[in-house]
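A.B. asks:
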Amino acid sequence: MANESQNWVLMVTAQTPTNIAVIKYWGKRDDSTLILPVNDSISVTLDPNHLCTTNTVAVSPIFQQDRMWLNANEISLSGGRFQSCLREIRSHACDVEDKKKGIKITKEDWSKLYLHIASYNNFPTAAGLASSAAGFACLVYALGKLMNVKEDESQLSAIARQGSGSACRSLYGGFVKWVMGKEENGSDSLAVQLADEKHWDDLVIVIAVVSSRQKETSSTSGMRETVETSLLLQHRAKEVVPKRILQMEQAIRNRDFPSFSRLTCADSNQFHAVCLDTSPPIFYMNDTSHRIISIVEKWNRSEEAPQVAYTFDAGPNAVLIARDRKAAALLIQRLLYYFPPSSDDLNSYIIGDNSIAKDAGI
Ligand code: ADP
Ligand code: DP6
Ligand code: CO
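The letter at position 281 of the sequence shown is residue 435 when you use this note's numbering, and the numbering goes up by one with no holes.
1) Terminal residues of the continuous alpha helix (DSSP H) containing serine 230?
2) Go ahead and label proline 191 buried or exposed: buried means 16 or more other beta carbons lie within 10 angstroms of its beta carbon, across all protein chains shown.
3) Within 9 Å of any Cβ in chain D, is that where the Cβ of aspartate 498 sits?
4) Rounding to the nearest angstrom, what Cα-Cα distance links arginine 455 and leucine 430 in this structure?
5) Give the range of the alpha helix (DSSP H) segment to which cysteine 429 is assigned.
6) Roughly how many whole angstroms lie between the Cα atoms of lysine 255 and leucine 164?
7) Any heavy atom of the ligand ADP within a distance shorter than 8 Å of the CB on isoleucine 229?
8) Report the rounded CA-to-CA distance for leucine 240 versus valine 450, giving the unit in angstroms.
9) Distance check for threonine 371 and threonine 380, CA to CA, integer angstroms please.
10) Locate the beta strand (DSSP E) running through histidine 270, then write down its first and last residues.
11) What are the complete beta strand (DSSP E) segments, minimum 3 residues, inside the stretch 296-335?
12) Say yes only if the C-beta of serine 195 is nearer than 8 Å to one or more non-hydrogen atoms of the ligand ADP, and no if none qualify.
13) At which residue ranges does the stretch 438-475 contain complete beta strand (DSSP E) runs of 3 or more residues, listed in the order of the chain?
14) Candidates Arg315, Ile271 and Lys299: which alpha carbon is nearest alanine 287's?
15) Asparagine 193 and arginine 378 - do their beta-carbons sit closer together than 9 Å?
16) Decide if the stretch 317-326 is in contact with the stretch 284-298; the criterion is three or more beta carbon pairs, one per stretch, under 8 Å apart.
17) Might you give, ordered along the chain, the residues of its own chain that have their beta carbon closer than 8 Å to the beta carbon of asparagine 440, omitting 5 neighbours on each side?
18) Give the straight-line distance between the Cα atoms of alanine 284 and asparagine 203, rounded to the nearest whole angstrom.
19) Over the uninterrupted beta strand (DSSP E) stretch that includes proline 171, give me the two end residues.
20) Leaving out five residues on either side along the sequence, give the residues of the same chain with a beta carbon under 8 Å from the beta carbon of isoleucine 216.
21) By the three-class DSSP mapping on this structure, what secondary structure does arginine 221 have?
22) Is any heavy atom in the ligand CO found nearer than 8 Å to the beta carbon of alanine 345?
23) At 4 residues or longer, what runs of the alpha helix (DSSP H) sit wholly inside the stretch 370-405?
24) Does any heavy atom of the ligand CO sit closer than 8 Å to the C-beta of alanine 463?
25) Going by CA-CA distance only, name the one from Leu485, Ile436 and Trp354 that's closest to phenylalanine 414.
26) Quick check on this structure: which residue in Pro396, Ala472, Tyr492 and Lys397 has the alpha carbon closest to the alpha carbon of asparagine 423?
27) For lysine 258, which three-state DSSP category applies?
28) By alpha-carbon positions, which one of Ser238, Ile174, Thr210 and Ala168 ends up nearest to isoleucine 189?
29) What does DSSP give as the partner residues of isoleucine 436 in its beta bridges?
30) Quick check: the Cα distance between glutamate 337 and lysine 392, rounded to an integer number of angstroms?
31) Could you tell me how far apart the beta carbons of aspartate 421 and lysine 178 are, in whole angstroms, since I believe they sit closer than 8 Å?
32) Pull up the distance between the alpha-carbon of threonine 432 and that of alanine 226, whole angstroms please.
33) Going straight from the alpha carbon of asparagine 508 to that of isoleucine 359, what length do you get?
34) Considering only residues of the same chain and omitting the five flanking positions on each side of glycine 234, which have a CB-CB separation below 8 Å?
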């Protein structure tokens, strides 16, 4: 560290969008820290103007330990997932020089320097809108920038996967597939971009925030309980998802909304069925979520072709994907009719205009 003073701070800020799976990841195939799933999954990366994590990462010789703040509250970094991400990213760090500030950090220095990380989610945390996905993708991306890591998105995504499985898909924009892979060491469990954000830009995503409260069962413990107790999960992972993945890839390729919608809704419903098949059963959706499903199903069946697809992650909040702007406007009209602003059932709507986002770091 050839630096004149020891009082310097070097920092980087990055923003990463979240992603919502249309074919869900639910279940790990072993207990290792690598986070390897029981099936492939496919997601859409969302508009960062509406749902994203912003991370500022800083390094300084005056820092005495690694520390992190999430939404302004200090959180512990002692968990295995944070430790895996920090260890992996440090191991790929390279020399960094800021001539203006007179700072030079060598590859070797990074193992002796501590980090401060301030992360902010502009949407509810741990409420089933994939905060862990945006959060860990952004952590790895921002640290990669700070440490001049040369690895490409695919390798960064493999590190983010060790923070939270769904995070590996947020390093890319557009439509992304997480290939489960076969290797025990996780080397082939990678995210790949199926199509970029321009491929299908008619789609408009509306998020109906039913509850921004933290869920009772985290995704990690929920899926662990499912793997241990649900027979339906075995059937889903082996028989259902492999076929659906192929059909979904084709629907995305052809911008075939009827197939996209049918597969998205069916997969969300099967994921929640698997949660119900868990012992004790896990209820992520509530009555309002069920009402939203009925409204969309009824509307889709009254039209010649489906107008809107719905999907719910591990929480009650609805992610609604409208086929175009006209359908999105009608959807909002309907939601306002069934859930008028005076009702307590829906907290707010988040509407992504050009909803499908570019890659991380915007
Ligand atoms: P979600 O449905 O929001 O992804 P999860 O149960 O999968 O919920 O994960 C929530 C956990 O993810 C939080 O308790 C926290 O540990 C982690 N997390 C959320 N946001 C961030 C962030 N910005 N940076 C790091 N970790 C985060
Ligand atoms: C329902 O990625 O949050 O959102 O890997 O244990 O951190 P961990 O779980 P997480 O699970 C996401 C589950 C899901 C579906 C999906 O995003 O594919
Ligand atoms: Co999550």
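For each residue, glycine too, the CB sits at the ideal point set by N, CA and C.
Keep in mind the model is a prediction, meaning the values are calculated, not measured.
C.D. replies: This is what the structure holds:
1) Neither: serine 230 is in no alpha helix (DSSP H) and is coded neither H nor E.
2) buried
3) Note that chain D does not occur in the displayed structure, where there is just one protein chain.
4) 26 Å
5) 411-430
6) 9 Å
7) Result yes, Cβ under 8 Å from the ligand ADP.
8) 43 Å
9) Straight-line measurement puts the Cα of threonine 371 at about 12 Å from the Cα of threonine 380.
10) 268-275
11) Here the runs fully enclosed are 329-333.
12) no
13) For the stretch 438-475, whole beta strand (DSSP E) runs of length 3 or above, ordered along the chain, are 462-466.
14) That would be Arg315, whose Cα lies nearest to the Cα of alanine 287.
15) no
16) yes
17) Correct list, in chain order: Val364, Ser365 and Pro470.
18) Alanine 284 and asparagine 203: Cα-Cα distance of roughly 15 Å.
19) 164-171
20) Gln160, Asn161 and Val163
21) Correct three-state label for arginine 221: strand.
22) no
23) 373-383 and 385-389
24) Answer for alanine 463: no, Cβ out of range of the ligand CO.
25) Trp354
26) Minimum Cα distance to asparagine 423 is reached at Ala472.
27) strand
28) Ser238
29) Beta-bridge pairing links isoleucine 436 to no other residue.
30) 17 Å
31) Going by Cβ atoms, the distance from aspartate 421 to lysine 178 rounds to 6 Å, so yes, they are a contact pair.
32) 35 Å
33) Bear in mind that the predicted position of asparagine 508 carries a pLDDT of just 40, short of 50, making it too unreliable to give a figure here.
34) The answer, listed in chain order, is Thr187.
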